[in-house]
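Under our numbering, residue 119 is the last one in the sequence shown; the count climbs by one each step, no gaps.
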Amino acid sequence: MHLISEYGLGDKNTLTQYSLRHTVVEQIYNTGLCYYPNSVQKLFPLDKTLLRFNIESVMGVSLLDVDKKRLGVLLVMHDSEILAANILQDVLRFFGNRTSVELQLQNCLGNIPR
Numbered sequence: 006m007h008l009i010s011e012y013g014l015g016d017k018n019t020l021t022q023y024s025l026r027h028t029v030v031e032q033i034y035n036t037g038l039c040y041y042p043n044s045v046q047k048l049f050p051l052d053k054t055l056l057r058f059n060i061e062s063v064m065g066v067s068l069l070d071v072d073k074k075r076l077g078v079l080l081v082m083h084d085s086e087i088l089a090a091n092i093l094q095d096v097l098r099f100f101g102n103r104t105s106v107e108l109q110l111q112n113c114l115g116n117i118p119r
């Protein structure tokens with residue numbers, strides 16, 4: 006999986022590639038919607054990103070195309086507990102659907118590296 010965009014702690018990174026194995030991203034990718042309100046590092050001790058940024062909580066959704074094929078994930082990480090989880094879940098689903106449409110369009114136009 007390629008990282009198309011990442012923003013956190015005032016920095017934006019683009020076009021990074023890393024292994025999903027044993028990460029919270031892998032879990033979100035495979036299950037659709039995940040919410041870990043606290044202690045996420047204990048659940049995914051091999052996830053270096055969680056350790057690097059001292060992440061405490063995560064919520065994310067899988068991005069799906071029109072055929073329900075997985076395109077990627079959209080997620081939020083926080084160094085404390087994520088509050089208003091119900092609202093965030095709705096926001097992630099809304100923007101996840103919009104992001105999926107945009108990814109499919111950009112893929113058709115050849116704008117996404119493989």
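Yeah, the Cβ is synthetic: ideal placement off N, Cα and C, and Gly gets one too.
Computed from a predicted model, the values in this text were never measured in an experiment.
Looking at the DSSP output, H83 bridges to S62. Excluding the 5 residues flanking it on each side, Y34 has same chain C-beta neighbours closer than 8 Å at M6, L25, S67, R75, G77, V78, in chain order. In this structure, S105 lies near L69, with their beta-carbon atoms less than 8 Å apart. Note that the stretch 56–64 touches the stretch 80–91; at least 3 beta-carbon pairs, one per stretch, sit closer than 8 Å.
L55: not part of any beta strand (DSSP E); member of the alpha helix (DSSP H) spanning 53–57, first to last residue.
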